[in-house]
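A.B. asks:
Here it is as structure tokens:
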């Protein structure tokens, strides 16, 4: 019956109501000869509507009917489909969820019969039942057909909800076990002489070993071989290797029936580079001497599945004691820290947010957390030694190693994520962990998981919710039980013992677990609101501390800050409610001594770490700093109080700069580490230099106001020199300066000079008075005549000296001169005075060039500390700061008059200008810039970590590791850091030798 034009048929409407998206196509399929008799059958339409994809299910059914060999077979299928609900639900459920299995049924149209059975044993088949299903397979092709037939029954029970995700995963592992046995049997039948020479055991690893396999996954294995009685061991291992290789090919190779899955033996000792088959003694020798922590983690799931099961059991029994001693290994902590960093770098950026397995809040987070806790606590508690993630999680909760509530939430999230993974892979039977972007595929997945109202939106919401739970609990899983153990609030729930808590703290990098537990007890015990918020914050904070080079210091410093600010209403609220604040604080407190020391002197500066209105970590412009300091000076009573206020601002801003540097170098969960190392260096140098200039300006104002209320009788300016003038100060740098003055009209020069010297003396005294604020040391040794010359000169005196007596080194030093405080007009005139000296119109004479080279060589030999490794000295060593700066400055002296771009006090700007002027190649400029940036970063790192300035790498291992973390090297890679520094410095030295020592010949 045809509907009237312009009107939809009642069948069309019903199809839409039953979930079809292309009702017109569905109508055409229902009108095919195979189904026309059932086009209006409500039982069929309701069954199709109950599937994940009714359109796909109907198309698959038509294809299956068309593939039947005879009308009688077609009629039998339809009759059974309509009359038997179990078959109807299973068959249509599979057809609506998997095009790959629909293709299999089309190629093998009688296999639908495998879904008819509904006996008790059929609900939960094991290895024995699957072996029976594969028994008739005699070659790779027939094995694939039988495998897909068995897979069909697993998928049918899965999509109909007869089995849950954990049961389906276990069945898939059992089917894999049966398949490996069948494949090995085929290989042995093809080479009976090899089978007679050896005993070969197949050990399942990974998800197969853990009884939690996916629909499509590599099946990880390890092979163990032994000689049969009277056989030479070498011949036996070769025979076992041939059998193992053939078995792998049987499963992995593509035939007319496709492939089953790849068999992956790369978890074996030495990976791909190691022999495929080893004897048991060879395995043990490797594990006892060479194995890494991750290899013991992998062995958690080892399970004998095929071949000689007695030999397999011997292998597992032999390696298990080694697995449970892994946490006692000397390098366990650093290995754990490396493993805990998710390897997302290899995931394309566009895929990170779609990754179910490796992405943030993914399956790997759950599996890793559970396995790590097993390694730590399974030594003493054998109930934790399960290879199955969910079983192990339940055991951890039962033993008090994980909070029950956390375990329940994690269990639910893991089951949902695995269900999503199963449905995604089942569609085409392809190995993938990516959530698709196509809306039709998302709709099918959502419907298959019972989300029928708005499948796509509901799927995204549930996925993000569960991933969020995993992300939130991933860290807390380690630490919340520690808090429960020390706070002792909850009753009726198992808790970690003191020894178990200590073991966990050691495993996570805490060198003094007893002290760490005392800090936790002090912070988290009690029923106050403060303690409750701390118990919420600490699980995550502890994880961030453990991710640093010095977790103990991080926790101790956090306790100190909390003790100081605990009663203020905003402190804990800031950490709880502002996403960035808590992680920023954790990074700052555990990255070294300088930033925590600055913070402890005024803990309220922790507000800067938030992402709200506290000012944040962006460096403040010099004008704003000067304005604040001058305002504080005006409010103060007397010079001493005024300079104290200025130094207080300096301390706070040093903390802001250090905190921003640390956060930018380490990165956070939301913001990766700054990739441009030069930008970090420029930011620190600019911020500290601006802060020093503002502090000097405020101090000058305070001294003048205190001593000369009617005004200083001489104009006075401060000229920044060295790194100060170059805007390149580090955290521990002195302020190199020159002082210049000019008597006011009518003022006696002697009176003016006395006033200027008194200003300098008082400034230096006030800035060095011992206090809670770090001192600012003023160094005027670059003045004419050095330490023997007057501290302050008039502009005329400078002019006379430079005209008659200026030495080459003084012209060199003046390259960095820049006014920083005081009378701006006087500062400008000083610059006009010195420009002809530092940028001589005729360049430098050869004798002057030779003099500079002699000075440089003498400095290298005389000033390098005794016993220091020159190759690792960031300032004076080959390829260090001095090398790069002197090379650039020599070019400035020679060419500055002709090349305006070279007239800058900043090293990197001058380097870029030299490149633009063709004075060096792009490659040479890049090499020198990289070396200068790295050496500066090393000096900044040393100051941040040790709290005192230094030009070479620390020798204490924990300090060295902290410097490495700041420079971007993970745990255990301090040696790589030192090698990289040497390489960078060596390349720079090569350029310096050509450009600096050979410059006269260029």
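Residue numbers (my numbering): 661 to 1662.
In this text, a Cβ means the ideal position worked out from N, Cα and C, and glycines have one as well.
Work out the CA separation of residue 828 and residue 865 for me, nearest whole Å.
C.D. replies: Straight-line Cα distance between these residues: approximately 18 Å.
A.B. asks: For residue 967, report the span of its beta strand (DSSP E) as first-last.
C.D. replies: It spans 963 to 967 - the beta strand (DSSP E) in which residue 967 sits, taken as one unbroken run.
A.B. asks: Given a cut-off of 8 Å on the beta-carbon distance, is the pair residue 1262 and residue 1195 in contact?
C.D. replies: Contact: no.
A.B. asks: Measure the C-alpha to C-alpha separation of residue 774 and residue 1037 and round it to an integer number of angstroms.
C.D. replies: Taking the straight line from one Cα to the other gives about 45 Å.
A.B. asks: Just grab the DSSP bridge partners of residue 924 for me.
C.D. replies: DSSP output for residue 924 lists 880 as bridge partner(s).
A.B. asks: From the DSSP output, in three-state form, read off residue 1454 for me.
C.D. replies: Correct three-state label for residue 1454: strand.
A.B. asks: For residue 1519, is the classification buried or exposed, using 16 other Cβ atoms within 10 angstroms of its Cβ as the cut-off for buried?
C.D. replies: Its Cβ having fewer than 16 others within 10 Å, residue 1519 is exposed.
A.B. asks: Exposed or buried, which one is residue 1134 when buried takes at least 16 other CB atoms within 10 Å?
C.D. replies: It is buried - the Cβ of residue 1134 has at least 16 other Cβ atoms within 10 Å.
A.B. asks: Helix, strand or coil for residue 1401 per DSSP?
C.D. replies: Here residue 1401 sits in strand by DSSP.
A.B. asks: Can you list, in chain order, the residues of its chain with a C-beta nearer than 7 Å to that of residue 1345? Leave out the 5 residues immediately preceding and following it.
C.D. replies: Result list for residue 1345: 1387, 1388, 1389, in chain order.
A.B. asks: Run through DSSP, which three-state label would residue 759 get?
C.D. replies: In the structure shown, residue 759 sits in a helix (DSSP, three-state: H, G or I).
A.B. asks: What are the boundary residues of the alpha helix (DSSP H) that includes residue 1412?
C.D. replies: 1409 to 1428 is the extent of the alpha helix (DSSP H) around residue 1412.
A.B. asks: Of the choices 1646, 1207, 1180, whose alpha-carbon is the least far from that of residue 1218?
C.D. replies: With distances taken between Cα atoms, residue 1218 lies closest to 1180.
A.B. asks: Give me, in chain order, the residues of the same chain whose beta-carbon lies closer than 7 Å to that of residue 1402; leave out the 5 immediate sequence neighbours on both sides.
C.D. replies: Hits under 7 Å: 1374, 1375, 1454, 1455, 1486.
A.B. asks: Could you tell me how far apart the beta carbons of residue 715 and residue 682 are, in whole angstroms, since I believe they sit closer than 8 Å?
C.D. replies: Right, the Cβ-Cβ distance comes to about 5 Å (below 8 Å), so this counts as a contact.
A.B. asks: Out of 1551, 1362, 787, which has the shortest C-alpha to C-alpha gap to residue 1300?
C.D. replies: The candidate whose alpha carbon is nearest that of residue 1300 is 1362.
A.B. asks: I'd like the span of the alpha helix (DSSP H) that includes residue 737, first residue to last.
C.D. replies: It spans 731 to 743 - the alpha helix (DSSP H) in which residue 737 sits, taken as one unbroken run.
A.B. asks: Please return the same chain residues whose Cβ sits closer than 8 Å to the Cβ of residue 820, not counting the five positions on each side in sequence.
C.D. replies: Around residue 820: 749, 750, 753.
A.B. asks: Apart from the five residues on each side of it in sequence, which residues of its chain come closer than 6 Å, Cβ to Cβ, to residue 934?
C.D. replies: Excluding residues within five positions, the ones whose Cβ falls inside 6 Å are 928.
A.B. asks: When the distance is taken between beta carbons, is residue 1629 closer than 8 Å to residue 1639?
C.D. replies: No, they are not a contact pair.
A.B. asks: One question on the structure: do residue 818 and residue 1093 come within less than 8 Å of each other, judged by their Cβ atoms?
C.D. replies: For residue 818 and residue 1093, no; Cβs fall outside 8 Å.
A.B. asks: Buried or exposed, going by whether 16 or more other CB atoms sit within 10 Å of the CB of residue 1470?
C.D. replies: The residue in question, residue 1470, is buried, as its Cβ has 16 or more Cβ neighbours within 10 Å.
A.B. asks: Out of 1619, 770, 1077, 1602, state which residue places its alpha-carbon closest to the alpha-carbon of residue 1612.
C.D. replies: The option with the nearest alpha carbon to residue 1612 is 1602.
A.B. asks: Taking the DSSP output, what are the residues bridged to residue 858?
C.D. replies: DSSP lists 887 as partners of residue 858.
A.B. asks: Quick check: the Cα distance between residue 1014 and residue 1103, rounded to an integer number of angstroms?
C.D. replies: Approximately 16 Å, taken between the alpha carbons.
A.B. asks: Confirm, please, whether the CB-CB distance from residue 1490 to residue 1377 is below 8 Å.
C.D. replies: Taking 8 Å as the Cβ cut-off, residue 1377 and residue 1490 qualify as a contacting pair.
A.B. asks: Under 8 Å by Cβ, that's how I've got residue 1050 and residue 1066 pegged, so tell me the actual separation to the nearest angstrom.
C.D. replies: Not a contact, Cβ separation roughly 14 Å.
A.B. asks: Go ahead and label residue 800 buried or exposed: buried means 16 or more other beta carbons lie within 10 angstroms of its beta carbon, across all protein chains shown.
C.D. replies: Buried is the call here.
A.B. asks: If you compare alpha carbons, which of 772, 1043, 1380, 703 is closest to residue 743?
C.D. replies: Ranking 772, 1043, 1380, 703 by Cα distance to residue 743 puts 703 first.
A.B. asks: When you compare each of 689, 1622, 951, 790 to residue 1211 by their alpha carbons, which one comes out closest?
C.D. replies: If we check each option's Cα against that of residue 1211, 1622 comes out closest.
A.B. asks: Which value, in whole angstroms, describes the spacing of the CA atoms of residue 785 and residue 824?
C.D. replies: Taking the straight line from one Cα to the other gives about 14 Å.
A.B. asks: Taking residue 770 as the reference, give the member of 1099, 1408, 805, 789 with the closest Cα.
C.D. replies: The shortest C-alpha separation from residue 770 is found at 805.
A.B. asks: Could you round the C-beta distance between residue 891 and residue 936 to whole angstroms and report it? I think they count as a contact, below 8 Å.
C.D. replies: Not quite, the Cβ-Cβ distance comes to about 18 Å (not below 8 Å), so this is no contact.
A.B. asks: Taking CB distances under 8 Å as the criterion, tell me whether residue 790 reaches chain D.
C.D. replies: Among the chains in the structure shown there is no chain D, since it carries only a single protein chain.
A.B. asks: So, residue 904 versus residue 860, is the Cβ gap smaller than 8 Å?
C.D. replies: Yes, the Cβ-Cβ distance between residue 904 and residue 860 is below 8 Å.
A.B. asks: Assuming the contact rule is C-beta atoms closer than 8 Å, residue 869 and residue 1047 should be a hit. Round their C-beta distance to whole Å, please.
C.D. replies: Between residue 1047 and residue 869 the Cβ distance is about 6 Å, and since that is below 8 Å, they are a contact.
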